[in-house]
Amino acid sequence: MAVVPVRAACSGGPVASVGRLSCGWSHAVATVRLDGRPHPVAVAWGRNDMGQCGGAAGEQPRQLSAPSGAPLVAAHAGSETTALLASDGLWQAGWNE
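Its first residue numbered 1, the sequence shown is counted upward by one per residue in UniProt numbering.
Shown next as structure tokens:
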């Protein structure tokens with residue numbers, strides 16, 4: 001079987017650049033800069049059975065943000081969690097074991 005790469009679309013708009021990519025057991029989180037946006041945003045895709053994609057799940061990346069709307073500093077995927085570091089604090093989604 002051959003792997004065929006495809007360009008992923010993002011629900012927040014055209015992606016200008018990709019920062020970091022972090023992978024959990026069955027989901028991924030990336031920091032990206034969208035066209036026309038001053039701050040990077042996080043996008044997540046994959047399995048969401050523990051809420052690790054913050055309500056977004058599936059094959060196409062969906063934008064995540066801190067509940068406060070504060071600018072994103074970094075994002076990281078754990079095994080079944082996602083952490084967003086925003087300018088106003090740390091936010092976590094997923095399995096809180």
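The beta-carbon is built from N, C-alpha and C at its ideal position, and this holds for glycine as well.
None of these values were measured; they are calculated from a predicted model.
Secondary-structure assignment with DSSP links valine 29 through a beta bridge to Ser22 and Ala44.
Histidine 39 sits in coil when the DSSP states are folded into three classes, being neither helix nor strand. In the three-state reduction of the DSSP assignment, proline 61 falls in the strand class. For glutamine 92, the secondary structure class from DSSP, reduced to helix, strand or coil, is strand. Going by DSSP, alanine 77 is part of the beta strand (DSSP E) stretching over 72 to 77.
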